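When we follow my numbering, the leftmost residue of the sequence shown carries the number 2, and every step to the right adds one. For glycine and all other residues, C-beta sits at the position ideal for the given N, C-alpha and C. Only a predicted model underlies this, so the values are computations on that prediction, with no experimental measurement involved. Data block below; observations after.
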Amino acid sequence: MSARERILVVDDEPEVVAWLVEELEASGRVAEGVTDPALALDRLEERAFDVVVTDLEMPGLRGIDLMRAIHARRPDQLVVLITAFGSIELAMRCVREGAADFLAKPFPIEALEHALERTLRERRMKRELVRLRRHAEVDAGDLVAESDAMKRVLDVAQRAARGDSTVLLTGESGVGKSAVARWIHACSARSARPIVELNCAALPAQLVEAELFGVRRGAYTDAREDRAGLFLQADGGTLFLDEIGEMAPEAQPKLLAALESGVVRPVGATRDHPTDVRLVAATNRALEDAVRAGSFRADLFHRLDVLRIEVPPLRERPADIPVLVDRLLGRLAVRTRRPVDGITDEAVRWLVGRPWPGNVRALSNALERAVMLADHDVLTLADFTDHARDDDDAQWLDDADARGWTLADLERRYVDRVLARHHGNKTKAARALGIDRTTLWRKLQD
């Protein structure tokens with residue numbers, strides 16, 4: 002048994018509560034008892050308990066309904082139900098509803114001790130299994146560090162995982178910031194607990210507060226039941242906020258307050274709820290520029306910018322591409338159910354030489370399209386070059402959008418690209434651009 006496990010006892014009979022609390026305290030646990038189910042919910046708002054032991058039949062709120070209310074707020078809370086009206090059918094129903102165990106009264110205290118020990122042991126084993134599985138999944142497929150650049154990233158990320166400091170991941174769209182976030186979580190002491198992710202750009206401003214902090218039933222018209230927010234879902238684990246630079250301005254002070262206080266208040270609630278989360282945020286924007294422009298709060302930026310890790314673009318780590326290609330093709334073969342026995346060296350060399358403005362995401366898309374359209378088992382250069390022009394256009398525009406290029410920026414880069422294609426020959430470049438040499442010279446001077 003781990004030191005001082007905390008148990009909450011709920012029963013409408015005071016003598017039962019007193020007996021269980023006394024026995025549990027004598028066994029080395031911390032036990033609290035209440036005779037009102039509503040008070041149990043209040044206690045759970047105030048502090049965390051390892052297990053809730055509750056009677057099934059109580060006036061006002063039945064134990065099974067209390068369990069549902071608890072799980073709406075803390076989905077992984079362990080609940081053991083006890084009742085004087087036990088039957089096999091009822092026990093099976095309670096377990097299906099989410100009870101960790103079920104005991105029929107009267108029972109010896111040893112039966113409850115055994116149920117608690119088994120339940121807590123199973124939870125520890127599940128958490129360890131989750132931790133190992135997550136670590137294996139991240140290690141096996143999401144990250145490749147053949148290049149020195151990515152080796153440095155993972156070295157810093159692994160050192161960051163040793164503590165609880167907030168991490169800010171920066172880098173272009175598609176470089177794998179979410180994979181690095183999962184790596185940090187998998188390497189941390191929190192890895193047996195969940196990592197919960199939110200794309201801030203995908204959520205309307207009016208829903209951010211409810212999504213992060215949760216909702217109490219009746220808080221607004223559509224709130225028909227309690228719903229735990231992401232902070233509570235990630236309790237004990239990691240909260241990953243992707244595209245943090247796109248968070249609505251009105252939600253930013255509430256996020257800052259939660260990070261600084263360590264408590265959240267669900268929409269419609271009257272009490273604050275303590276949380277224990279490690280925050281990892283990611284952005285493809287220059288947040289300093291957003292602060293200067295007034296679209297991102299300076300105090301929130303400084304709260305996030307504790308430990309910054311820059312994830313380099315794929316074009317700066319070509320050594321990673323062959324391994325990425327191999328792993329991505331393995332996944333695609335399973336997901337698409339297409340026979341893929343490999344890829345030619347010529348095709349890999351061509352992929353390594355591409356600029357990949359869309360980074361790993363663009364590489365994955367190119368491989369998926371080749372797999373889906375190929376009528377043979379081994380991918381060749383032709384499977385990619387037939388669509389290269391379309392890829393160039395899409396990646397060029399994606400890169401321009403991600404970097405915030407102006408029309409003048411696009412024009413100059415296109416001129417430079419055409420000039421490079423013609424090996425610096427201005428006459429040929431001007432002809433390809435449909436302008437004369439004088440106009441080309443003027444554009445190069447701008």
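Taking Cβ to Cβ, would you say residue i is nearer than 9 angstroms to residue j?
i: Ala249; j: Val209; result: yes
i: Leu62; j: Ala49; result: no
i: Leu242; j: Thr276; result: no
i: Thr120; j: Leu79; result: yes
i: Ile185; j: Thr239; result: yes
i: Thr284; j: Leu441; result: no
i: Trp351; j: Leu382; result: yes
i: Leu144; j: Val168; result: no
i: Pro107; j: Ala85; result: yes
i: Gly34; j: Val10; result: yes
i: Leu330; j: Ile344; result: yes
i: Lys152; j: Ala146; result: yes
i: Pro195; j: Ala235; result: yes
i: Ala105; j: Ala92; result: yes
Apart from the five residues on each side of it in sequence, which residues of its chain come closer than 7 angstroms, Cβ to Cβ, to residue i?
i: Phe454; result: In the structure as shown, the chain starts at 2 and stops at 447, and residue 454 therefore has no counterpart that could be examined.
i: Val1; result: Because the chain is modelled from 2 through 447, residue 1 falls outside the range shown and cannot be assessed.
i: Glu129; result: Ala193
i: Asp300; result: Leu257
i: Leu25; result: Ile8, Ala32
Give me, in chain order, the residues of the same chain whose beta-carbon lies closer than 6 angstroms to that of residue i; leave out the 5 immediate sequence neighbours on both sides.
i: Arg266; result: Asp273
i: Ala100; result: Val80, Leu82
i: Ala41; result: Val11, Val35
i: Pro356; result: Arg316
i: Asp56; result: Asp12, Gly64, Ile83
i: Glu198; result: Phe241
i: Ala141; result: In this prediction, Ala141 scores a pLDDT of 43, lower than 50, which makes its location untrustworthy; no coordinate-derived value is stated.
i: Trp20; result: none
i: Lys444; result: Val416
My assumption, with CB atoms under 8 angstroms, is that residue i sits in contact with residue j. Please give the rounded CB distance.
i: Val32; j: Val17; result: Here residue 32 turns out to be Ala, not Val, going by the sequence shown. Not confirmed; about 13 angstroms, so no contact.
i: Val268; j: Val216; result: 5 angstroms
i: Arg279; j: Ser179; result: Contact doesn't hold; Cβ gap of about 15 angstroms is too wide.
i: Leu308; j: Ser192; result: Contact doesn't hold; Cβ gap of about 18 angstroms is too wide.
i: Met59; j: Pro76; result: Actually they do not touch by this definition, with Cβ atoms about 22 angstroms apart.
i: Glu261; j: Arg316; result: So it is not a contact: roughly 38 angstroms between Cβ atoms.
i: Gly177; j: Val312; result: 6 angstroms
i: Arg286; j: Leu257; result: With a Cβ gap of about 18 angstroms, Arg286 and Leu257 do not count as contacting.
i: Asp378; j: Pro340; result: 5 angstroms
i: Ala73; j: Ala259; result: That belief does not hold up - the Cβ atoms of Ala73 and Ala259 are roughly 20 angstroms apart, past 8 angstroms.
i: Glu251; j: Ala206; result: 6 angstroms
i: Leu213; j: Leu231; result: 5 angstroms
i: Val372; j: Thr337; result: 6 angstroms
i: Gly202; j: Glu244; result: At residue 202 the sequence reads Ala, which differs from the Gly that was named. About 4 angstroms; that satisfies the 8 angstroms criterion.
i: Ser28; j: Glu111; result: That belief does not hold up - the Cβ atoms of Ser28 and Glu111 are roughly 10 angstroms apart, past 8 angstroms.
i: Arg5; j: Arg30; result: 7 angstroms
i: Leu333; j: Leu368; result: 6 angstroms
i: Arg68; j: Glu98; result: With the sequence shown as reference, residue 68 is identified as Met, and Arg is not the correct amino acid for it. Contact holds; Cβ gap of about 7 angstroms.
i: Val419; j: Ala433; result: 5 angstroms
i: Val54; j: Ile310; result: About 44 angstroms; that fails the 8 angstroms criterion.
Between residue i and the rest of its own chain, which residues show a CB-CB distance below 8 angstroms, the 5 nearest in sequence each way excluded?
i: Asp437; result: Ala431
i: Asp227; result: Ala70, Ala73, Arg74, Gly215, Val216, Arg217, Arg218, Pro267
- Item | Contact between the stretch 361-375 and the stretch 316-328 (3+ Cβ pairs under 8 angstroms) | yes
- Within the stretch 88-126, note down every full beta strand (DSSP E) run reaching 3 residues or more, in order along the chain. 102-105
- Query: In chain order, which continuous runs of the alpha helix (DSSP H) of length 4 or greater are located wholly inside the stretch 284-346?
  - Reply: 288-294, 299-305, 322-337
- Item | Complete runs of the beta strand (DSSP E) confined to the stretch 2-68 [at least 3 residues] | 7-11, 31-35, 52-56
- Runs of alpha helix (DSSP H) lying entirely within the stretch 161-199, each at least 4 residues, in chain order: 178-188
- Item | Ordered list of alpha helix (DSSP H) runs contained in the stretch 213-254, each at least 4 residues | 231-234
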